[in-house]
């Protein structure tokens, strides 16, 4: 029997008022893959993330995590099962230090503070925030905040990591650092789903790309296939550019 | 993580010795009374802090728990001759259950909305008690005069036993708060306070942990309620269920610094004497001057030091450098 995919979404549908933010989206992610979800603003990428991770109840469709259905489960239960995520707008605990932030994530797997601290230090050393572990969350730059958010997600020891625009608004140097971090995360046999606008990063890290537009999946394929596809170019740049190609 | 330092422990011990011998040095019962109220409000501030300062639920309905504690033990004592000590535990449990029952449907309320709901909760409970014939309605309950002694939780000849009992309650509450602040649930509370979303992605069951915070807070507040009933021996809704008591509890915690273990005690040490002394000096004229002064002080504090006294101390410290 074939092993169940890490994540499988069938017919994901979410209406926000009269708008179909997600309209019957199907996709699946194999274990160890990095799949990017791209699309213009308002395409439904974040909504898809929210429906998968239990933050929004989907109106229709089912989500399976390693074959087990997780549709309509609570967000914290899904996290416990091994799905971690970050947010488009960074979510960290401002009045805690970097170490405490990550430790709070590690507490999901360790009841004792001491063990959680050890795990948190390990994670921080890995993500390169070790030297800033005593900084307050609010005192960090945006790049470090995003890195911290990834660290917190990693501290919950997930099998699947979902990053929502972890590279938006970074300088070139910071961007390189983040791409490098994602590659290193992957080496630890992690599966990743990444929502990203920065095409440079998408091209470099993704095994597969899923393209959404106006709530629908318009195509799926390797990064190279996707950027050449007329429908994708049209969604991003308008019809004129398709013709001129 | 936030372990106590030697300096903090020694400071705590000195403070403990000072408050321990204080009532032996003075025969002034008013001073003893103010100290007892200070401990009692300190304890309720600590209880509020677990819910408000750590878990971010700004409750303006604590007085309901206070009243439920006072009424449960008093009613059981009067009707079934149940020992106030058992009443104290039962009152705490009833308050915790009521807190959970009202907290559950309020699970998604945050910030101002939670505060509004908590005011409504406090007022609903008061109105209910004001009309509930079985427990004396608006006439309240007078506790029977029993023999003096620890067993009956009643002392007529001296305030000293009340003083020490309340001090012990306060210390126990501080211990509980300290344990919470240094353990997993304390960190989870703080995550919830920051945002429900961040708590959820860290795998925190937000609804459950909020209920835990409410129940611990309600239990401790109700224990203070039972103490108060045993101390004044007469309770009615107007004395144990009024909104200003809830506001007082919030002010104490905010002034002392919400989210730190000792904060509410510091706040109570300042606000309770001010409120009692202005009341005794100026309150009897019926002009409300005491409330004016009290209100003025609070306005000053919230205008200039919204982080409470610790904020003031750190900013003074910075200026000194």
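Protein chains in written order, with our numbering: chain A, 1 to 245; chain B, 246 to 566.
For every residue, glycine included, the Cβ atom is placed at its ideal position computed from N, Cα and C.
Can you tell me where the beta strand (DSSP E) holding residue i begins and where it ends?
i                     : result
residue 83 (chain A)  : 83 to 85
residue 212 (chain A) : 208 to 213
residue 192 (chain A) : 191 to 195
residue 60 (chain A)  : 60 to 65
residue 218 (chain A) : 216 to 221
Please return the same chain residues whose Cβ sits closer than 6 Å to the Cβ of residue i, not counting the five positions on each side in sequence.
i                     : result
residue 36 (chain A)  : 194, 196, 202, 206, 209
residue 245 (chain A) : Only weak support is given to the placement of residue 245 (chain A): the predicted model assigns it a pLDDT of 47, under 50, and the question is left unresolved by the model.
residue 64 (chain A)  : 8
residue 163 (chain A) : 86, 194
residue 246 (chain B) : Note that residue 246 (chain B) has pLDDT 45, beneath the 50 cutoff, so the model's placement of it is unreliable and no number is given.
residue 216 (chain A) : 23
residue 387 (chain B) : 479
residue 220 (chain A) : 210
Below 8 Å on the Cβ atoms is my contact criterion, and I expect residue i with residue j to pass it. Report the Cβ-Cβ distance as a whole number of Å.
i                     : j                     : result
residue 503 (chain B) : residue 348 (chain B) : So it is not a contact: roughly 19 Å between Cβ atoms.
residue 509 (chain B) : residue 498 (chain B) : 5 Å
residue 507 (chain B) : residue 418 (chain B) : About 11 Å separates the two Cβ atoms, so there is no contact after all.
residue 385 (chain B) : residue 480 (chain B) : 5 Å
residue 32 (chain A)  : residue 156 (chain A) : Not confirmed; about 19 Å, so no contact.
residue 143 (chain A) : residue 174 (chain A) : 4 Å
residue 10 (chain A)  : residue 26 (chain A)  : 6 Å
residue 109 (chain A) : residue 129 (chain A) : About 19 Å separates the two Cβ atoms, so there is no contact after all.
residue 97 (chain A)  : residue 58 (chain A)  : At roughly 36 Å, the Cβ-Cβ gap does not stay under 8 Å, so residue 97 (chain A) and residue 58 (chain A) are not in contact.
residue 408 (chain B) : residue 323 (chain B) : Their Cβ separation, rounded to whole angstroms, is 25 Å, which puts residue 408 (chain B) and residue 323 (chain B) out of contact at 8 Å.
residue 239 (chain B) : residue 283 (chain B) : An answer regarding residue 239 (chain B) cannot be provided, because it is not within the stretch 246 to 566 covered by chain B.
residue 345 (chain B) : residue 459 (chain B) : 6 Å
residue 425 (chain B) : residue 546 (chain B) : 26 Å between Cβ atoms; not a contact.
Which residues in the same chain have their Cβ closer than 7 Å to the Cβ of residue i, if we skip the five residues on either side of it in sequence?
i                     : result
residue 438 (chain B) : 299, 300, 301
residue 91 (chain A)  : 149
residue 539 (chain B) : 519, 520, 523
residue 491 (chain B) : 305, 306, 307, 308, 367
residue 101 (chain A) : 92, 93, 137, 148, 152
residue 186 (chain A) : 34, 192
residue 165 (chain A) : 88, 195, 196, 197
residue 236 (chain A) : 40
residue 72 (chain A)  : 57
residue 376 (chain B) : 382
residue 340 (chain B) : 310, 313, 314, 463, 464, 466, 467
Is it the case that the CB of residue i approaches a heavy atom of the ligand GDP more closely than 8 Å?
i                    : result
residue 20 (chain A) : Among the components of this structure there are no ligands whatsoever, and the ligand GDP is therefore not found.
What is the residue span of the alpha helix (DSSP H) that residue i lies within?
i                     : result
residue 357 (chain B) : 356 to 376
residue 96 (chain A)  : Element bounds for residue 96 (chain A): n/a, residue is neither H nor E.
residue 514 (chain B) : 508 to 527
residue 46 (chain A)  : 45 to 52
residue 418 (chain B) : 405 to 426
residue 401 (chain B) : Segment: none, residue 401 (chain B) is in no alpha helix (DSSP H) and carries neither H nor E.
residue 466 (chain B) : 451 to 477
residue 231 (chain A) : 230 to 237
residue 434 (chain B) : 429 to 439
residue 493 (chain B) : 488 to 501
residue 537 (chain B) : 534 to 549
residue 485 (chain B) : 482 to 485
residue 202 (chain A) : 199 to 205
Identify, in the order they occur along the chain, each residue of the same chain with its Cβ nearer than 8 Å to the Cβ of residue i, setting aside the five sequence neighbours on each side.
i                     : result
residue 16 (chain A)  : 47
residue 160 (chain A) : 6, 7, 29, 65, 82, 83, 84, 190, 191, 192, 193
residue 454 (chain B) : 300, 430, 433, 434, 437, 444
residue 360 (chain B) : 303, 304, 305
Every unbroken beta strand (DSSP E) inside the stretch 251 to 283 of chain B [3 residues or more]:
DSSP runs (the beta strand (DSSP E)) wholly in the stretch 251 to 283 of chain B: none.
Could I get the ranges of all uninterrupted beta strand (DSSP E) runs contained in the stretch 124 to 183 of chain A, with 3 residues as the minimum, in chain order?
Whole beta strand (DSSP E) segments, 3+ residues: 160 to 164.
Please go through the stretch 6 to 35 of chain A and give each complete beta strand (DSSP E) segment of 3 or more residues, from N-terminal end onward.
Counting whole runs of 3 or more residues, the stretch 6 to 35 of chain A contains the beta strand (DSSP E) stretches 7 to 16, 19 to 29.
At least three beta-carbon pairs within less than 8 Å, the stretch 144 to 151 of chain A to the stretch 30 to 50 of chain A:
They do not touch, by the three-pair rule.
Stretch-stretch touch, CB-based, cutoff 8 Å, three pairs: the stretch 62 to 76 of chain A with the stretch 443 to 457 of chain B
Segments in contact, yes.
Count the CB pairs spanning the stretch 462 to 469 of chain B and the stretch 272 to 281 of chain B that are closer than 8 Å, and state whether there are at least three.
Two segments are said to touch when three or more pairs of C-beta atoms, one from each, lie closer than 8 Å; by this definition the stretch 462 to 469 of chain B does not touch the stretch 272 to 281 of chain B.
Across the stretch 469 to 477 of chain B and the stretch 308 to 317 of chain B, are there enough close Cβ pairs to call them in contact, namely three or more that are closer than 8 Å?
Counting Cβ pairs under 8 Å, three or more are found: they touch.
Fully enclosed by the stretch 284 to 337 of chain B, which alpha helix (DSSP H) runs are 4 residues long or longer?
Fully enclosed alpha helix (DSSP H) runs of 4 or longer: 307 to 325.
Quick test of the definition: if touching needs 3 or more C-beta pairs under 8 Å, does the stretch 326 to 345 of chain B touch the stretch 388 to 399 of chain B?
Below 8 Å, enough C-beta pairs join the stretch 326 to 345 of chain B and the stretch 388 to 399 of chain B to call them touching: three or more.
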